[in-house]
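Residue numbers (my numbering): -1 to 604. The C-beta atom is built at its ideal place from N, Cα and C for all residues, glycine as well.
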């Protein structure tokens, strides 16, 4: 990857994959009093799934969060030692089975450095980030990988205030590592120590009082936040609804800036009301800017934990479905869940919330999870790992032909990540299918693995990453990589994407393997030929055909040439000359060439 304006990446470790080669500020509270508001929310939430005449539930709500949810309060002894113990276990366990959620009760903590490894989430348990203050750091670095942060996946920080020891907190992540609902009382450094390569990431609903310095980060998306400044850009930096964001300037520097986010609804989160666990459900915002928690208490509703089935990894899919049928929501505690039948979410307003990267693996080729065409389902905070038997789909939002209007209360899919291969053999024809209208997919990484176990052109075959058939779908923070055919195929009308990051599959054996009729290769992002309205901002596609560097990809993007289909800020990159693009979108845009990793850009299309 290219150097940043002021720093050069460290040398490439040998044998490393491509990534190494290169609010409205014053939200008005609706919770006048937690107990009363919580009771009201509980009543309304329960009525969505049950009526007064229903028989008692056979499955209990609430209960223990399990051994891998570790809860601290300011009086807890040995916090740093426990954090260090978990980090030692998880630091390099990229495809391990360990899963942890580190939760901090409201209060003030001093002298901590919470280093986060794989499948580790850290979060505060207050209603506002400022309820839980760590005088110290929440750190992601890349010492385990010789200073290279391009594989720092699957970890998260949420709902905390940080007062960094040095004045700047280090968060050197790549894909699937959200930084949500955080208040950094200082600066934020997104690069690893030594300014090695990095390839991610995502910030939402956060306030960083100082500057954000991405340095060597290739791309980044920031949504509905406030920053004290932004230091630099490499390839593609995208902002929507960010107070303090740099002005629109793509192609140089490559900043794509929207003043607001069209529609957003923050991720559900666990918090404490006294000694009672509850789940807060933030309300939908339109044309949002800045954080949702400006005056402390956010807008939304609240559900008691007693309305959730607190699932454990040993639970079967039948048990999860029974809980949903009985009117309970699902809280997936950390661990790996094997499901031998589809988890069916059929109830309006149902919540499926994962902690600590809880992971669903479909057995026998089933679809892992499916949602009916109903209002207001919320999926958040879990991973779906393809199983060894091919699944036609892994996650379906709405059935085929879904047509109901969900504009008032859309389904949201947030920090739900999908993986095919890497942790072992996995296959899926299509990873994510969105059929329901008005769905919001807010931050996902859908990844056909290019390294790890069970990896090869046909070994972890996965033709399509995302297929969108529903109308009026919005995706914010879309990362999709390495699929055998189209990474994204968008057939619905009035679709919108704000930020897209893609790599074509590395491992194509030859030109014939990727041939799409008379077209050289499948586009990374394909808008259907019959679509009349579509819009995208800040989209990038990269190729690194390291198995056969002679492969030519005609373009990264394909779309109808019509006035209603518009793109802003497109780029393609050949990484080190391992394969080339002839164009950026359709037949427009300069080809990449040579071994220089220099983007070819199209500012506006058409």
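Do you know whose CA, among the options, lies nearest residue i's CA?
i: residue 607; options: 523, 541 and 411; result: Nothing in the structure corresponds to residue 607, since the chain is present only between -1 and 604.
i: residue 124; options: 132, 265, 271 and 387; result: 271
i: residue 178; options: 421, 290, 285 and 251; result: 290
i: residue 557; options: 256, 370 and 582; result: 582
i: residue 354; options: 63, 118 and 228; result: 118
i: residue 256; options: 454, 568, 250 and 240; result: 240
i: residue 226; options: 531, 198, 185 and 254; result: 185
i: residue 126; options: 82, 269 and 469; result: 269
i: residue 362; options: 511, 518, 377 and 386; result: 386
i: residue 579; options: 532, 545, 518 and 531; result: 518
i: residue 536; options: 72, 500, 516 and 382; result: 500
i: residue 448; options: 457, 408 and 317; result: 457
i: residue 264; options: 229, 228, 223 and 231; result: 223
i: residue 61; options: 528, 326 and 210; result: 326
i: residue 181; options: 196, 561 and 209; result: 209
i: residue 592; options: 158, 555, 571 and 505; result: 571
i: residue 389; options: 428, 152, 512 and 565; result: 428
i: residue 165; options: 133, 157 and 102; result: 133
i: residue 409; options: 83, 282, 391 and 590; result: 282
i: residue 594; options: 103, 554, 309 and 541; result: 541
i: residue 342; options: 358, 315, 356 and 357; result: 315
i: residue 553; options: 559, 539 and 170; result: 539
Can the beta-carbon of residue i be found closer than 9 Å to that of residue j?
i: residue 200; j: residue 219; result: yes
i: residue 597; j: residue 575; result: no
i: residue 496; j: residue 474; result: yes
i: residue 337; j: residue 360; result: yes
i: residue 189; j: residue 205; result: no
i: residue 330; j: residue 347; result: no
i: residue 321; j: residue 373; result: no
i: residue 465; j: residue 430; result: yes
i: residue 136; j: residue 160; result: yes
i: residue 369; j: residue 434; result: yes
i: residue 365; j: residue 340; result: yes
i: residue 93; j: residue 115; result: no
i: residue 260; j: residue 494; result: yes
i: residue 562; j: residue 332; result: no
i: residue 176; j: residue 196; result: no
i: residue 300; j: residue 328; result: no
i: residue 378; j: residue 412; result: yes
i: residue 396; j: residue 437; result: yes
i: residue 99; j: residue 66; result: yes
i: residue 469; j: residue 491; result: yes
i: residue 236; j: residue 258; result: no
i: residue 56; j: residue 394; result: no
i: residue 565; j: residue 602; result: yes
i: residue 249; j: residue 228; result: no
i: residue 481; j: residue 510; result: no
From the DSSP output, read off the bridge partner residues of residue i.
i: residue 132; result: 107 and 160
i: residue 332; result: In the DSSP output, where bridge partners are listed per residue, residue 332 has none listed.
i: residue 614; result: This structure cannot settle anything about residue 614, because the visible part of the chain is limited to -1 through 604.
i: residue 578; result: 550
i: residue 205; result: 181 and 224
i: residue 453; result: The partner list for residue 453 (beta bridge, DSSP) is empty, contrary to what the question assumes.
i: residue 169; result: 138
i: residue 302; result: 276
i: residue 119; result: 99 and 154
i: residue 477; result: 443 and 499
i: residue 360; result: 337
i: residue 345; result: Bridge partners of residue 345: none, in fact.
Which whole-angstrom value is the C-beta distance of residue i and residue j, which I expect to be below 8 Å?
i: residue 121; j: residue 306; result: Actually they do not touch by this definition, with Cβ atoms about 16 Å apart.
i: residue 450; j: residue 421; result: 6 Å
i: residue 371; j: residue 335; result: Between residue 335 and residue 371 the Cβ distance is about 25 Å, and since that is not below 8 Å, they are no contact.
i: residue 471; j: residue 432; result: 5 Å
i: residue 568; j: residue 599; result: 7 Å
i: residue 262; j: residue 231; result: Not really, about 23 Å apart at Cβ, beyond 8 Å.
i: residue 172; j: residue 150; result: 5 Å
i: residue 191; j: residue 145; result: 6 Å
i: residue 584; j: residue 526; result: The Cβ separation is near 14 Å, so there is no contact.
i: residue 551; j: residue 515; result: With 8 Å as the limit, residue 551 and residue 515 do not qualify as a contact, their Cβ atoms being about 14 Å apart.
i: residue 463; j: residue 419; result: Contact doesn't hold; Cβ gap of about 13 Å is too wide.
i: residue 424; j: residue 505; result: Wrong, their Cβ atoms sit about 15 Å apart, outside the cutoff.
i: residue 442; j: residue 486; result: Actually they are not in contact, since the Cβ atoms of residue 442 and residue 486 sit about 11 Å apart, beyond 8 Å.
i: residue 103; j: residue 71; result: 4 Å
Flag residue i as yes if its beta-carbon sits less than 9 Å from any beta-carbon of chain C, otherwise no.
i: residue 119; result: Reference to chain C is not applicable here, since this structure consists of a single protein chain.
Between the segment 244 to 256 and the segment 274 to 281, do three or more beta carbon pairs fall short of 8 Å?
no
For the segment 72 to 90 against the segment 98 to 107, are there 3 or more C-beta pairs whose distance is under 8 Å?
yes
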